[in-house]
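Enquirer: Let me begin by handing over the structure; questions about it come next.
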Amino acid sequence: MTIKIKYSVSITICLFFVLLGYCQTDSLKQSDSLNTSLLKEYDNKLKLIEQQRIRDSIKKSELELQLSQLKTTDNLKKEELQNQLQEISNKEKKRIAEKKAKIDSLRVSAKSFHVIGFFNDTLFPIYNKLGSFTAHDRALAISKRIKKLKNDYSFSYKTLKVVEAESTFDIVYGESIIMSISENDALWNNTSKKNLAEKYCKIVTDAVLKYKQETNLTTLLKEISLALLVLTILIILLYFVGKLFKWTKDIIKTQEGKRINGLKIRDYTLLDSSKQVVFFTSLNTILKWIIIIILIYIALPIIFGFFPWTQTFAQTLFGYIFNPLKKIGSGLWNYLPNLFTIIVIFFVFRYALKGIHFLKNEIEQGKLHLSGFYPDWANPTFQIIRVILYAFMFVLIFPYLPGSDSPIFQGVSVFLGFLFTFGSAGSLSNIMAGIILTYMRLFKIGDRVKIGDVVGDVIEKSLLVTRVRTIKNEIISIPNSTVMSSHTTNYSNEAEMGSGLIIHSTITIGYDIPWKDIHQALVNAAGRTDLLLKNPKPFVLQTSLDDFYISYQINAYTKDANKQATIYSQLHQNIQDCCNEVGIEILSPHYRAARDGNMITIPAKYLNKDYKVPSFNIKIDKEEKK
28 MTIKIKYSVS ITICLFFVLL GYCQTDSLKQ SDSLNTSLLK EYDNKLKLIE
78 QQRIRDSIKK SELELQLSQL KTTDNLKKEE LQNQLQEISN KEKKRIAEKK
128 AKIDSLRVSA KSFHVIGFFN DTLFPIYNKL GSFTAHDRAL AISKRIKKLK
178 NDYSFSYKTL KVVEAESTFD IVYGESIIMS ISENDALWNN TSKKNLAEKY
228 CKIVTDAVLK YKQETNLTTL LKEISLALLV LTILIILLYF VGKLFKWTKD
278 IIKTQEGKRI NGLKIRDYTL LDSSKQVVFF TSLNTILKWI IIIILIYIAL
328 PIIFGFFPWT QTFAQTLFGY IFNPLKKIGS GLWNYLPNLF TIIVIFFVFR
378 YALKGIHFLK NEIEQGKLHL SGFYPDWANP TFQIIRVILY AFMFVLIFPY
428 LPGSDSPIFQ GVSVFLGFLF TFGSAGSLSN IMAGIILTYM RLFKIGDRVK
478 IGDVVGDVIE KSLLVTRVRT IKNEIISIPN STVMSSHTTN YSNEAEMGSG
528 LIIHSTITIG YDIPWKDIHQ ALVNAAGRTD LLLKNPKPFV LQTSLDDFYI
578 SYQINAYTKD ANKQATIYSQ LHQNIQDCCN EVGIEILSPH YRAARDGNMI
628 TIPAKYLNKD YKVPSFNIKI DKEEKK
C-alpha cells in the first residue's frame, strides 16, 4: 500500500510540475495591449516634442553662454536674453504638461512590460520606449543586467548609485549602467526622475540581497528540511487515508444482505443488494481519491512556498482556489440586495396563494357561497389563478436573477420561448378547451356520458384530456378539443337533478294481440325492475304501425344512470316473463299469405257476434292441371 501511495504521489507531483510549467508564462513575453493606433500617434508626437526639446536645449545653452559673457553695463541686452530664457522655460513647462496629459489618456488601456527578478517575481514596470529600445526590449535588457549582479559577492546596499546625466537619471553599477530613467518614465509613474531612480535603485538592491540571503547554504538546508517534513507528513496522511477507506470498503461488503438490502421503488427493484454494494464501494473509492488530491493540492503550494524559485507556483496554486472563492464571496455579498428582493416577492406571492387556497377549500366544502359561482369551479379556478400568479412572480423576479441581462441568458430565454410556443400548439388548444368545458359544466367526475361513440363514466377531467371508463372497463382518453367538437350526452345530469332519466326499450308484436294487453304486460315488467322508479309511473308508447306488426316502447324513470346496462338487462327479462305469463308471443310476424277470403286478421272481439267464418275455398283449373 505504501509503495502505491508513493507511486501515486510521485506521478501527481510530476503532473503538477508539467502543468505548471505550461501555465507559467514569462511576463516579458506578454503582448502589448496598448491600442496600436494610439501608441503610434504617441510615438510620432513624442519624436516631434523631443526634437523641439533638443532645439530648445541648444538655444537655452547658447543664451546662457551669451548672458554670462555680457558686461554688467549692458542691461538691455541682458534683459532681452532673460526674456528669451523665460520663454524657453514656459515652452518647457507646456511641453511637459502636454506629455503628461497624453500619458494620462493612455494609462487606462496601457499594459506594462515587467522587469523580472531572480525568482520570476516582478520588480517594476516599464511603460515607454527609450531611444531605439521599445518598452519590451528595455524590460528584457534591464532584467538581464540585474541578474548578472548575483555574481558579485561583495554586493551591498552602497553598490548601486544614482547618477544624473544630461537628460536622464542613471542607476549605475561600477562602470555599467543598469538602467536609465527618462522624463517619460517619471511622467508614467507620476513622480520626478530623481525620485523614481532612487526608488528603482532600492528595489534592485533589495532584490539582489534577498536572492543572496535566500540562496545561501544554511537557508537552502532549512528549506529542504521543511519541504521533506511536509512531504513526510503528506505520505503519512495518505497512508492512513488509504487504510481508512480500505476499512470502510470492507465494512460496506460485510453489510450486504444486512443493512444493504437493495433499493426499491414500490415493486420495482432499482438496485439489488450486490449492485448497491458495488455502488457504495465505487463511491468510497471516488471519495478517497478526492481527499488524496486535496491533500496533495494543499501540500504542494506549501512545499513550493519554501523555495524562492517556486514561490510563484505556490501563489498560482493557491490562487486557483482562493481567487474563485473570493470572487464567489464578493459576488454573493453584492447580490444580497437582489436576493432579499426575490425572497420578499416570493413570500408575498406564497401567502397570497395560501389565502386563495383557503377560499377555494371553503367554496368546495360549501361553507362559502358566491352568487353564480358553482363549487366545482373552485379547484380549476384556483389552478388557473396559481399559474397566472407564478408567471407574474417569475416576471417580477427575472430582472433580479444573476446574469439576466447577459446576451447568453436572453438567447436561452428566447430559445425556450420558441420551443414552448411551437411545441405546445396542440396542447394549448386542449388546455383552452379544458377550461371552457370546466365552466360550461357539461359533466363532472362520475357522470355517465356519451361523447361521440364512447359511452361510459367520467373518471378524470384535466386541462388536456377527459378519461372515460366504459361498461366493459375500458379507459378511453379523449382530448378536450375533441370533446368540444363532438356531441356530448350527459345521462346523469337529469337523473340526479330532475325527475330521472327515462329508460326505454321497444318490442314489436303482431296485430292479433290487443294493444291493451301489451301495454299492461310492459308496465308490469317495468314495475318489477328494481332500479326503475314507481313514481313517475312507467308508460308505453306505440311508436309505429308497420305492415305486419306494431312497435311498443316501454318508458320508465330511474335515478341510477350509471347502471343502465343492468337495468336494461333486468327489464328485458321481466318483459319476457310478463308476456309469457299472459300468453303473448314476442314475435314480429311477416305474412306470406294466399287469401281466399275465409279468414281475417281482425281480433274476434272486434267482430259481430253473428259473424261466421267462410268455408275454405280453392278453385282448381283442370285444364292447367293437365
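Its first residue numbered 28, the sequence shown is counted upward by one per residue in the working numbering. We put the CB at the ideal spot given by N, CA and C, even for glycine. Just so we're clear, the structure is a prediction, and the values are computed from it rather than from any experiment.
Going by DSSP in three states, residue 570 sits in which element: helix, strand or coil?
Expert: For the purposes of this step, residue 570 is taken as the residue at position 543 of the sequence shown. Residue 570 falls in the strand class under three-state DSSP.
Enquirer: Go through its chain and collect everything with a Cβ distance to residue 334's Cβ below 7 Å, but skip five positions before and after it.
Expert: Taking the first residue of the sequence shown as 1, we reach residue 334 at position 307. 250, listed in sequence order.
Enquirer: Looking only at its own chain, which residues have a Cβ that is under 6 Å from the Cβ of residue 513, when we skip the five neighbours before and after it?
Expert: Counting from 1 along the sequence shown, the entry for residue 513 is found at position 486. Correct list, in chain order: 478, 479.
Enquirer: In or out: residue 721 buried (at least 16 other Cβ within 10 Å) or exposed?
Expert: In the structure as shown, the chain starts at 28 and stops at 653, and residue 721 therefore has no counterpart that could be examined.
Enquirer: For residue 417, report the span of its alpha helix (DSSP H) as first-last.
Expert: Sequence index remark: in the sequence shown, residue 417 carries index 390 (1-based). Counting along the chain, the alpha helix (DSSP H) containing residue 417 begins and ends at 405-424.
Enquirer: Between the C-alpha atoms of residue 410 and residue 508, what's the straight-line distance to the nearest angstrom?
Expert: One-based indexing of the sequence shown puts residue 410 at position 383. One-based indexing of the sequence shown puts residue 508 at position 481. Spanning the two alpha carbons is a distance of roughly 19 Å.
Enquirer: Assuming the contact rule is C-beta atoms closer than 8 Å, residue 488 and residue 472 should be a hit. Round their C-beta distance to whole Å, please.
Expert: Start at 1 with the first residue of the sequence shown, and residue 488 comes out as number 461. Start at 1 with the first residue of the sequence shown, and residue 472 comes out as number 445. Sure, about 6 Å apart at Cβ, within 8 Å.
Enquirer: Can you tell me which residues form a DSSP beta bridge with residue 578?
Expert: Counting from one through the sequence shown, the residue named residue 578 turns up at place 551. Beta-bridge pairing links residue 578 to 535, 571.
Enquirer: I'd like to know whether the C-beta of residue 599 is nearer than 7 Å to at least one C-beta of chain C.
Expert: No chain C is present in this structure, which holds just one protein chain.
Enquirer: How big is the Cα-Cα spacing for residue 188 and residue 261?
Expert: Translated into the one-based positions of the sequence shown, residue 188 becomes position 161. Translated into the one-based positions of the sequence shown, residue 261 becomes position 234. In a straight line, the C-alpha of residue 188 is about 48 Å away from that of residue 261.
Enquirer: Which of the three DSSP states, helix, strand or coil, is assigned to residue 656?
Expert: There is no way to answer for residue 656, as the model of the chain reaches only from 28 to 653.
Enquirer: Could you check whether residue 413 and residue 588 sit closer than 7 Å to each other, using their CB atoms as the reference points?
Expert: Residue numbering aside, residue 588 sits at position 561 when the sequence shown is read from its first letter. Residue numbering aside, residue 413 sits at position 386 when the sequence shown is read from its first letter. Taking 7 Å as the Cβ cut-off, residue 588 and residue 413 do not qualify as a contacting pair.
Enquirer: For residue 152, which beta-bridge partners are listed by DSSP?
Expert: For this step, residue 152 is matched to residue 125 along the sequence shown. Its beta-bridge partners are 141.
Enquirer: Which of the three DSSP states, helix, strand or coil, is assigned to residue 288?
Expert: Along the sequence shown, read from residue 1 onward, the residue named residue 288 stands at position 261. Looking at residue 288 - three-state DSSP - the assignment turns out to be coil, as it is neither helix nor strand.
Enquirer: Over what stretch of residues does the alpha helix (DSSP H) that includes residue 197 continue unbroken?
Expert: The residue you call residue 197 lines up with position 170 of the sequence shown. Counting along the chain, residue 197 falls outside any alpha helix (DSSP H), though it belongs to the beta strand (DSSP E) covering 196-200.
Enquirer: Exposed or buried, residue 295, counting other C-beta atoms within 10 Å across all chains shown (16 or more means buried)?
Expert: The residue labelled residue 295 in the question sits at position 268 within the sequence shown. Exposed is the call here.
Enquirer: Ends of the beta strand (DSSP E) at residue 189?
Expert: Within the sequence shown, residue 189 is the residue found at index 162, counting from 1. That run of the beta strand (DSSP E) goes 187-191.
Enquirer: According to DSSP, simplified to helix, strand and coil, what is residue 297?
Expert: If you number the sequence shown from 1, residue 297 lands on position 270. The answer is strand: DSSP assigns residue 297 an E or B state.
Enquirer: Please state if the CB of residue 370 and the CB of residue 423 are separated by a distance shorter than 7 Å.
Expert: Counted from its first residue, the sequence shown places residue 423 at position 396. Counted from its first residue, the sequence shown places residue 370 at position 343. No, they are not a contact pair.
Enquirer: Which whole runs of the beta strand (DSSP E) in the segment 354-381 are 3 residues long or more, in chain order?
Expert: none
Enquirer: Could you name each continuous alpha helix (DSSP H) segment of 4 residues or more that falls completely within the segment 200-259, going from the start of the chain to the end?
Expert: If we require 4 residues or more, the alpha helix (DSSP H) runs fully inside the segment 200-259 come out as 210-215, 220-241.
Enquirer: Could you say which of 156, 523, 128, 283 lies nearest to residue 140 if we only look at CA atoms?
Expert: The residue given as residue 140 occupies position 113 in the sequence shown. Cα-wise, what sits closest to residue 140 is 156.
Enquirer: Please give me, in chain order, every unbroken run of the alpha helix (DSSP H) with length at least 4 that falls completely inside the segment 311-340.
Expert: Within the segment 311-340, there are no complete alpha helix (DSSP H) runs of at least 4 residues.
Enquirer: For residue 535, I'd like the list of residues in its chain whose CB is within less than 6 Å of its CB, leaving aside the five on either flank, ordered along the chain.
Expert: Residue mapping note: residue 535 aligns to position 508 of the sequence shown, counting from 1. Same-chain partners within the cutoff: 576, 578, 615.
Enquirer: Please tell me whether residue 303 and residue 284 are closer than 7 Å, where the distance is taken between their beta carbons.
Expert: Against the sequence shown, residue 303 aligns to sequence position 276. Against the sequence shown, residue 284 aligns to sequence position 257. No, these two residues do not count as a Cβ contact at 7 Å.
Enquirer: Just tell me which of 308, 257, 256 has its CA closest to the CA of residue 277.
Expert: For the purposes of this step, residue 277 is identified with residue 250 of the sequence shown, where counting begins at 1. Nearest option by C-alpha distance: 308.
Enquirer: Check whether the Cβ atoms of residue 153 and residue 168 sit closer than 7 Å, and answer yes or no.
Expert: Residue numbering aside, residue 153 sits at position 126 when the sequence shown is read from its first letter. Residue numbering aside, residue 168 sits at position 141 when the sequence shown is read from its first letter. Not a contact, by the Cβ cut-off of 7 Å.
Enquirer: Where does residue 268 sit, in a helix, a strand or coil, going by DSSP?
Expert: Here residue 268 refers to the residue found at position 241 of the sequence shown. In the three-state reduction of the DSSP assignment, residue 268 falls in the helix class.
Enquirer: How many whole angstroms separate the CB atoms of residue 463 and residue 490, which I take to be in contact at a CB cut-off of 8 Å?
Expert: Here residue 463 corresponds to residue number 436 of the sequence shown, with the count starting at 1. Here residue 490 corresponds to residue number 463 of the sequence shown, with the count starting at 1. Rounded, the Cβ-Cβ distance is 11 Å, inconsistent with contact.
Enquirer: Please go through the same chain and pick out, in chain order, the residues whose beta-carbon is closer than 6 Å to the beta-carbon of residue 202, but skip the five residues on each side of it.
Expert: Position 175 of the sequence shown holds residue 202. Residues of the same chain with their beta carbon placed closer than 6 Å to that of residue 202 are lacking, with the five preceding and five following residues left out of the count.
Enquirer: What do you reckon, are the CB atoms on residue 527 and residue 586 nearer than 7 Å?
Expert: As a first step, residue 527 is located in the sequence shown; it is residue number 500 there, counting from the start. As a first step, residue 586 is located in the sequence shown; it is residue number 559 there, counting from the start. Yes, they are a contact pair.
Enquirer: Provide the residue span of the beta strand (DSSP E) that contains residue 504, from first to last.
Expert: Taking the first residue of the sequence shown as 1, we reach residue 504 at position 477. Per DSSP, the unbroken beta strand (DSSP E) holding residue 504 starts and ends at 502-506.
Enquirer: With burial defined as no fewer than 16 other Cβ atoms inside 10 Å of the residue's Cβ, what is the status of residue 317: buried or exposed?
Expert: Numbered from 1 along the sequence shown, position 290 holds the residue referred to as residue 317. With fewer than 16 other Cβ atoms within 10 Å, it is exposed.
Enquirer: Once DSSP output is grouped into helix, strand and coil, what is the label at residue 5?
Expert: Nothing can be reported for residue 5, as the shown portion of the chain is limited to 28 through 653.
Enquirer: State the start and end residues of the unbroken alpha helix (DSSP H) segment that holds residue 172.
Expert: For the purposes of this step, residue 172 is taken as the residue at position 145 of the sequence shown. Taken as a continuous stretch (DSSP letters only), the alpha helix (DSSP H) holding residue 172 covers 162-175.
Enquirer: Just how far apart, CA to CA, sit residue 315 and residue 266?
Expert: Indexing the sequence shown from 1 puts residue 315 at position 288. Indexing the sequence shown from 1 puts residue 266 at position 239. Approximately 11 Å between the Cα atoms of the pair.
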